[in-house]
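Chains as they are written, first to last, in the working numbering: chain A, 333 to 639; chain B, 333 to 639.
Where a beta carbon is used, it is the ideal one built from N, C-alpha and C, also for glycine.
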């Protein structure tokens with residue numbers, strides 16, 4: 333009998349989301365609990381086991397999808413670069429440990445890549461051939477989808493578009509890349525510049541809502557730097573859709589209108605002709621939906637043809 | 333009976349190359365003749381038919397590979413952007429016309445993409461997961477290979493890495509992208525700058541061979557701009573190999589040594605740790621080998637599993 337949904341997880345620093353995901357990406361059951369990732373390995377795996385039981389993983393087909401923060405090494409499923417709020421050993425063999433725990437085949441990828449796959453297949457970029465889902469928040473990062481597949485890169489580092497050397501009139505980035513524009517293009521950067529300028533704001537979004545002339549100028553500079561980054565990625569990959577998510581995207585047309593205008597300066601005419609720049613639509617469920625879609629891809633690839 | 337080789341073509345402005353290509357990329361028979369592409373459609377197709385007869389296309393399996401200059405629309409196989417030395421009608425349905433002529437299924441892609449696939453599977457990037465094959469000559473263009481597949485982009489424009497907005501201290505590029513570094517990073521640009529500076533040189537390679545202090549400074553600037561471009565592509569795609577071809581690559585370590593040093597400034601440490609920068613190895617046969625490998629991929633995808 334064919335199962336109608338797979339189990340998928342989206343691990344965050346504070347929360348673990350889990351769901352049963354149907355083949356097209358529909359969320360059938362959704363649960364969340366404290367991830368315990370910040371506490372350590374044993375409590376984290378207890379939380380995963382608990383969510384798996386809630387979702388009746390025993391009555392699901394062979395493959396489980398897992399989205400994780402950090403850089404995931406393709407092939408091995410090892411977390412090679414952790415985020416500070418996930419306390420696991422260095423080079424933690426996450427995929428193998430999950431397979432032992434869940435007694436299922438597990439496919440794992442970075443959470444931003446999972447969110448990008450979800451937007452590509454079931455969200456804002458549905459129908460696209462090539463999409464870039466960029467998150468503008470503390471930094472600027474992206475997940476790349478080509479012909480329905482996540483681009484992982486040689487060592488899991490594809491999509492680091494925030495750190496391309498496009499030049500910056502702001503402070504240097506601690507990444508070490510000369511001309512990295514991320515400190516000017518991110519939400520955190522916008523907030524920092526606004527505070528330096530004496531504005532009384534608590535978030536990048538508040539800067540967008542401000543009617544102050546200084547805020548308007550800072551937004552222009554931020555958008556210009558973001559457009560250089562997106563222009564670089566556009567010439568390299570020739571996407572048909574760029575999806576923008578993260579806190580700053582909530583500014584809506586106050587971000588998107590000037591961003592589209594600025595992209596005129598930094599993209600080839602041939603590459604922007606049919607390019608759409610749109611807000612993310614799947615919100616906080618994007619990661620778990622993408623993890624589920626990834627599991628479905630693996631499930632189909634493993635099945636005999638026509639089955 | 334399984335056939336041991338497929339027929340593949342590589343069309344250039346002046347020459348048409350054709351070969352029988354074995355499954356791993358080995359060239360079994362090779363022929364070349366004037367392409368007649370500059371004369372027009374009828375003479376071009378006569379040349380293709382002649383080469384097909386020479387290579388006994390009737391006794392080859394179902395798929396023929398074809399590398400063409402210009403931008404090829406994915407899916408339809410239409411040449412949407414011609415190069416000046418190929419005189420065909422606008423939006424020429426090249427794939428369909430070739431299928432009618434050859435009575436075979438035809439897979440077609442841009443010649444630079446074919447060359448990149450060849451270097452990835454059978455040349456300088458063999459064994460890589462993600463490779464970028466960049467040609468530095470009149471301009472700076474690239475073919476991108478991810479997990480053994482050509483990345484075409486939404487409209488066939490992936491790999492236009494020459495026109496990323498990384499900033500330039502040279503003249504503006506006619507592409508219109510603000511901060512496009514191609515006029516400083518290309519071989520043609522290096523030659524133009526050298527002549528402006530009064531050097532008596534006829535090619536970019538001669539600039540590399542010059543012992544003049546002005547030439548050394550111009551090479552430094554050229555390499556710095558090229559490194560910005562490659563740094564952008566590296567952060568986006570996280571390749572394990574960058575293959576450099578084109579006239580300038582013949583300068584050997586005079587190019588590669590300073591290029592590797594300059595890339596330290598423009599790449600993330602995580603992305604350059606295992607990154608290799610190497611010269612192309614397949615030379616003038618790269619295009620036809622890649623067209624053959626592309627045909628083999630299509631042939632295998634069409635065959636039933638296990639066959």
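Contact annotation for residue 518(B) against chain A: no contact, minimum CB-CB distance about 15 Å [criterion: below 7 Å].
Under the 10 Å beta carbon count, residue 391(B) is surrounded by fewer than 16 other beta carbons and is classified as exposed. Residue 533(B) is positioned such that its CB atom lies closer than 8 Å to that of residue 523(B).
Distances from the CA of residue 617(A) to each of 632(A), 455(A) and 627(A) were compared; the closest alpha carbon is that of 455(A). With a threshold of 16 other beta carbon atoms within 10 Å, residue 349(B) meets it and is buried.
In the DSSP assignment, residue 442(B) falls within the beta strand (DSSP E) that extends over 437-442. In this structure, residue 513(B) lies near residue 499(B), with their beta-carbon atoms less than 8 Å apart.
Along the length of the stretch 557-605 of chain A, whole alpha helix (DSSP H) runs at least 4 residues long occupy 585-598 and 601-604, reported in chain order. Within the model, the alpha-carbon separation for residue 516(B) versus residue 568(B) is close to 22 Å. Closer than 7 Å at the C-beta level to chain B, one finds these residues of the stretch 560-590 of chain A: 560, 563, 564, 565, 567, 568, 569, 570, 571 and 572. Ranked by Cα distance from residue 400(B), the options 342(B), 356(B), 393(B) and 373(B) are led by 342(B). Residues of chain B with a Cβ closer than 8 Å to the Cβ of residue 600(A) are, in chain order, 489, 492, 495, 507, 508 and 509. For residue 384(B), the three-state secondary structure derived from DSSP is helix. If you look at residue 365(A), you'll find it isn't in any alpha helix (DSSP H); it sits in the beta strand (DSSP E) that goes 359-366. Between residue 625(B) and residue 357(B), the beta carbon gap of about 5 Å places them in contact (Cβ cut-off 8 Å).
The beta carbon of residue 462(A) falls within 8 Å of a beta carbon belonging to chain B, placing the residue at that interface. DSSP places residue 622(A) in the helix class (H, G or I) of the three-state scheme. Per DSSP, reduced to three states, the secondary structure at residue 423(B) is coil, with no helix or strand assignment. Residue 389(B) carries a helical assignment under DSSP once its states are collapsed to helix, strand and coil.
By the Cβ test, the stretch 420-433 of chain A is not in contact with the stretch 444-461 of chain A, since fewer than three Cβ pairs between them sit closer than 8 Å. As the crow flies, the alpha-carbon of residue 505(A) is around 38 Å from that of residue 404(B). Assignment of residue 611(B) by DSSP, reduced to helix, strand and coil, places it in the strand class. Here residue 552(B) carries a helix assignment [DSSP, helix/strand/coil]. Contact check for residue 564(B) and residue 496(A): beta-carbon distance about 4 Å, within the 8 Å limit, so the pair qualifies. By the rule that beta-carbons nearer than 8 Å mark a contact, residue 499(A) touches chain B. Each residue's CA atom was taken as its position, placing residue 550(A) and residue 493(B) some 29 Å apart. As DSSP reads the structure, residue 352(B) sits in a beta bridge with 339(B) and 361(B). Taking all protein chains in view, the Cβ of residue 490(B) is crowded by 16 or more other Cβ atoms within 10 Å, so the residue is classified as buried. DSSP, reduced to helix, strand and coil, places residue 347(A) within a strand of the structure shown.
With a beta-carbon spacing of about 28 Å, residue 558(A) and residue 412(A) fall beyond the 8 Å limit used to define contacts. The C-beta distance from residue 592(A) to residue 609(A) rounds to 6 Å, short enough to meet the 8 Å contact threshold.
Taking a C-beta distance under 8 Å as the contact criterion, residue 583(A) and residue 537(A) qualify as a contact pair. When secondary structure is reduced to three states using DSSP, residue 402(A) falls in the coil class, being assigned neither helix nor strand. Counting of Cβ neighbours within 10 angstroms places residue 336(A) among the exposed residues, the total staying below 16. With contacts defined by Cβ atoms closer than 8 Å, residue 338(A) and residue 397(A) form a contacting pair.
For residue 539(A), the uninterrupted alpha helix (DSSP H) segment begins and ends at 536-541.
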